[in-house]
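Trainee: There's a structure below that I have some questions on.
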């Protein structure tokens with residue numbers, strides 16, 4: 005009798021409970037998918053630079069460098085959010101050699117990151133710094149846009165020592181077991197250059213070829229403004245067509261280390277963190293800046309910019325970025341060149 009009274013209500017209650025549990029599970033699943041892991045982050049801890057590259061898209065708009073405590077707090081937040089690789093850039097990071105060393109050691113020793121890398125114009129890199137601090141560095145990438153000094157001068161990074169310094173840094177990296185990488189911005193001044201022979205001799209494990217990118221608010225100043233303020237950049241005269249970029253790529257695609265990145269892949273596929281520990285979106289339109297991760301946390305800051313994870317994966321954003329498998333002084337099997345005729 006009692007079973008007949010409560011049975012309809014009982015089945016309804018069970019149905020409600022099952023639906024509720026299912027909805028909660030789906031909500032938790034969706035929430036977990038909403039969490040973005042900042043796997044690889046590029047931290048521009050300074051905008052100061054000793055060169056005047058006309059196409060620079062991270063110009064010296066401020067001289068701010070965060071206190072060490074803020075840097076470490078921000079990096080720890082990123083690590084806890086899922087960061088596996090950090091790349092220190094600028095500006096020129098080697099203008100602050102002690103700060104750079106501190107950051108590299110903290111990320112390797114305390115955070116235990118898989119990879120710590122540095123992008124530099126190479127002019128301030130020394131053998132002494134690499135010998136003292138190279139144990140905390142997996143990759144050093146050097147910007148090299150031409151092997152012709154006239155072209156380097158036109159771009160804004162001529163020294164007369166560019167090629168010789170590249171080979172020195174290459175050798176220092178090999179002695180320390182650090183992976184050596186090259187970055188080239190392909191622009192109106194160098195898209196017809198054949199760089200293959202010298203790159204093959206340098207034998208980097210990766211060589212990135214970037215199509216020059218115009219970023220509103222960074223390198224789109226008028227020519228007259230750049231003459232009045234040396235911190236401003238005008239990249240408009242350096243822009244090239246997709247066809248011109250492809251011409252450069254065809255000349256170098258036979259090199260296994262060559263990785264081309266046209267604007268369509270590059271624009272929003274990098275996670276960029278500025279000197280205030282804010283994420284930047286240098287994709288289409290005006291550059292966008294999130295609030296600082298120190299103030300709102302990593303996930304909230306990430307939600308305020310666009311990070312194209314599909315493009316990140318398409319361009320090979322995750323690769324063999326740790327030197328753990330490298331032997332000090334050994335020949336890298338995945339580079340561009342050959343050991344023949346080279347003394348290393």
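Residue numbers (my numbering): 5 to 348.
The C-beta atom is built at its ideal place from N, Cα and C for all residues, glycine as well.
Between which two residues does the beta strand (DSSP E) holding residue 263 run?
Mentor: 262 to 265
Trainee: Can you look up residue 169 in the DSSP assignment and give me helix, strand or coil?
Mentor: The DSSP-derived three-state label of residue 169 is helix.
Trainee: Would you mind sorting residue 47 into buried or exposed? The rule is 16 or more other CB atoms within 10 Å of its CB.
Mentor: buried
Trainee: Here's the rule: buried if 16 or more other CB atoms are within 10 angstroms of the residue's CB, otherwise exposed. What is residue 340?
Mentor: buried
Trainee: Consult DSSP for residue 159 and reduce its assignment to one of helix, strand or coil.
Mentor: In the three-state reduction of the DSSP assignment, residue 159 falls in the helix class, which pools H, G and I.
Trainee: For residue 213, count neighbouring Cβ atoms within 10 angstroms of its own Cβ and tell me buried if that reaches 16, exposed if not.
Mentor: buried
Trainee: Less than 8 Å between the beta carbons of residue 249 and residue 195, yes or no?
Mentor: yes
Trainee: For residue 100 and residue 280, which I take to be in contact (beta-carbon distance under 8 Å), what is that distance rounded to the nearest angstrom?
Mentor: Actually they do not touch by this definition, with Cβ atoms about 16 Å apart.
Trainee: With distances taken between CB atoms, is the gap from residue 273 to residue 210 smaller than 8 Å?
Mentor: no
Trainee: According to the Cβ coordinates, are residue 242 and residue 216 closer than 8 Å?
Mentor: yes
Trainee: Figure out for me which residue from 42, 50 and 192 has the closest Cα to the Cα of residue 122.
Mentor: Residue 50 is the option with its Cα nearest to residue 122.
Trainee: Starting from residue 253, trace the alpha helix (DSSP H) both ways and give me its first and last residue.
Mentor: 246 to 256
Trainee: Less than 8 Å between the beta carbons of residue 186 and residue 148, yes or no?
Mentor: yes
Trainee: For the candidate residues 316, 54 and 325, whose alpha-carbon lies nearest to that of residue 128?
Mentor: 54
Trainee: Using three-state DSSP, classify residue 50 as helix, strand or coil.
Mentor: coil
Trainee: Which residue's Cα is closest to the Cα of residue 107: 316, 140 and 322?
Mentor: 140
Trainee: Taking the beta strand (DSSP E) that residue 189 falls in, what are its first and last residues?
Mentor: For residue 189, the enclosing beta strand (DSSP E) stretches over residues 183 to 190.
Trainee: Just mark residue 39 as buried or exposed, buried being the case when its beta carbon has 16 or more other beta carbons within 10 Å.
Mentor: exposed
Trainee: In the structure shown, what three-state DSSP assignment does residue 92 receive?
Mentor: strand
Trainee: Quick one: using the 10 Å Cβ neighbour count with 16 as the cut-off for buried, is residue 353 buried or exposed?
Mentor: In the structure as shown, the chain begins at 5 and stops at 348. Residue 353 is therefore absent and cannot be evaluated.
Trainee: Return the bridge partner residues of residue 215 from the DSSP annotation.
Mentor: Paired residue(s): 190.
Trainee: Under 6 Å Cβ to Cβ from residue 192, same chain only, skipping five residues before and after it: list those, please.
Mentor: Counting only Cβ-Cβ distances below 6 Å, and skipping sequence neighbours, we find 242 and 244.
Trainee: Helix, strand or coil for residue 309, going by three-state DSSP, please let me know.
Mentor: coil
Trainee: Is residue 41 closer than 8 Å to residue 85 when the C-beta atoms are compared?
Mentor: Yes, they are a contact pair.
Trainee: Under DSSP, the beta strand (DSSP E) around residue 4 begins and ends at which residues?
Mentor: No statement about residue 4 is possible, as the shown extent of the chain runs from 5 to 348 and does not include it.
Trainee: Assign residue 322 to buried or exposed, taking buried as 16 or more other Cβ atoms, counted over all protein chains shown, within 10 Å of its Cβ.
Mentor: exposed
Trainee: Taking Cβ to Cβ, would you say residue 93 is nearer than 8 Å to residue 138?
Mentor: Cβ atoms of residue 93 and residue 138: not closer than 8 Å.
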